[in-house]
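The numbering of the sequence shown is this note's numbering, which starts it at 16 and goes up by one.
For glycine and all other residues, C-beta sits at the position ideal for the given N, C-alpha and C.
These figures come from a predicted structure and were not determined experimentally.
Comments concern the structure below.
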Amino acid sequence: MKWFTAWRRRPWAGYAVVLAALAIIAVAYAGVSSGGASAQASDTQASAQDIAKGKELFNQTCSSCHGANAQGTRTAPSLIGVGAASVDFQVGTGRMPAMNPGAQIPRKKPVFNEEQTRQIAAYIASLGGGPAIPSNDQVDPKTGDAALGGKLFRANCAQCHNFAGSGGALTGGKYAPPLNKATPTQIYEAMVTGPQAMPVFNDTTITPAQKRAIIAYVTQTRSEVNPGGSGLGRIGPVAEGLAGWLVGIGLMVVAAAWLTARKPKKKHND
16 MKWFTAWRRR PWAGYAVVLA ALAIIAVAYA GVSSGGASAQ ASDTQASAQD IAKGKELFNQ
76 TCSSCHGANA QGTRTAPSLI GVGAASVDFQ VGTGRMPAMN PGAQIPRKKP VFNEEQTRQI
136 AAYIASLGGG PAIPSNDQVD PKTGDAALGG KLFRANCAQC HNFAGSGGAL TGGKYAPPLN
196 KATPTQIYEA MVTGPQAMPV FNDTTITPAQ KRAIIAYVTQ TRSEVNPGGS GLGRIGPVAE
256 GLAGWLVGIG LMVVAAAWLT ARKPKKKHND
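The structure is reproduced here in structure tokens:
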């Protein structure tokens, strides 16, 4: 070990150690980054295939209204900048493609399957801008605070969608649809894209954690029982008042008519 001690005492020994350490780090980093680059190249290739297929589907079914380059026409808006989340919501709920656009496009059976919907969304997202499709962790109702979600829903959503998400009428022939069929992903996408008459709730207005709390409240409400009896569609006081008038007062009117229709018997004098 005398030779090692002698070598270590030389002036250039410290520089040699530093250079050796840098070389080892460089080799290790090259090995890791090469594997990551391969995975990234595979993802890019898959994404390119989705974009190409999505463009083909778009040209077949959507370009007649939205334009050959999704730039929009007189009958349909531009899709540049709307993002993948907007396409996933509109196409996934069957609202698009729309055969007869009107004041409100209803939910219906989707024309495209999940893979085709994802491909069209990938193509529109490639045009730039807009929110992405949320991950499963972002929309998982099990991790949301349902109590907080109820407060947020009543403050921001109940005016249109009803306190239980049963929907309600708006002006101009529009309406807020019921949320009983909306998936957690679709609820999140609606908040970040603002479809039709709905406003946009970005992450500054309602944070992702608060959005997840609202999703937890909406999904929990669907399974709650009605302790007072029939829920009457959970439409609210209008349905309850109508039931009160038709059933309650109606029975009282029938009872009064029956009582007044009875004629007293004549007394016979002995």
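The distance from the Cβ of residue 208 to that of residue 146 is about 6 Å, consistent with a contact at the 8 Å cut-off.
Collapsing the DSSP output to three states places residue 98 in a helix. Less than 8 Å separates the beta-carbon of residue 148 from that of residue 136. Assignment of residue 173 by DSSP, reduced to helix, strand and coil, places it in the helix class.
Annotation: the continuous alpha helix (DSSP H) that includes residue 275 extends over 265-276.
A distance of 8 Å or more separates the beta carbons of residue 73 and residue 205.
Contact annotation: the stretch 121-129 does not touch the stretch 165-184, with fewer than three C-beta pairs closer than 8 Å.
When DSSP assignments are scanned along the stretch 129-170, the uninterrupted stretches of alpha helix (DSSP H) that are 4 or more residues long and fall wholly within it turn out to be 129-141, 151-154.
In the displayed model, residue 107 falls within a helix according to three-state DSSP. By the Cβ-count criterion, residue 215 is exposed, with fewer than 16 other Cβ atoms from all chains shown falling within 10 Å of its own Cβ.
Annotated three-state conformation of residue 183 is strand, per DSSP. In this structure, residue 89 keeps its C-beta atom at 8 Å or more from the C-beta atom of residue 153. Residue 122 is positioned such that its CB atom lies closer than 8 Å to that of residue 192. In the displayed model, residue 83 falls within coil according to three-state DSSP, outside both helix and strand. At a Cβ-Cβ threshold of 8 Å, residue 79 and residue 85 do not count as neighbours. Under the 10 Å beta carbon count, residue 196 is surrounded by fewer than 16 other beta carbons and is classified as exposed. Residue burial is scored here from C-beta neighbours: residue 157 has fewer than 16 other C-beta atoms within 10 angstroms and is therefore classed as exposed. Taking the Cα of residue 108 as reference, the smallest distance to any Cα among 133, 272, 271 is reached at 133.
Rounded to whole angstroms, the Cβ separation of residue 98 and residue 69 is 13 Å, and the two are not in contact under 8 Å. In the DSSP secondary-structure assignment, residue 191 is bridged to 183. Taking a C-beta distance under 8 Å as the contact criterion, residue 119 and residue 235 do not qualify as a contact pair.
Under the 10 Å beta carbon count, residue 65 is surrounded by 16 or more other beta carbons and is classified as buried. Residue 168 and residue 201 have their C-alpha atoms some 16 Å from each other.
Judged by DSSP in its simplified three-state form, residue 114 adopts coil rather than helix or strand.
Look at residue 209 here: in three-state DSSP terms it is coil, with no helix or strand label. Linking residue 186 to residue 175 through their CA atoms gives a straight-line distance of about 11 Å. Residue 197: not part of any alpha helix (DSSP H); DSSP gives it neither H nor E. When only Cα atoms are considered, residue 171 and residue 165 end up about 10 Å apart.
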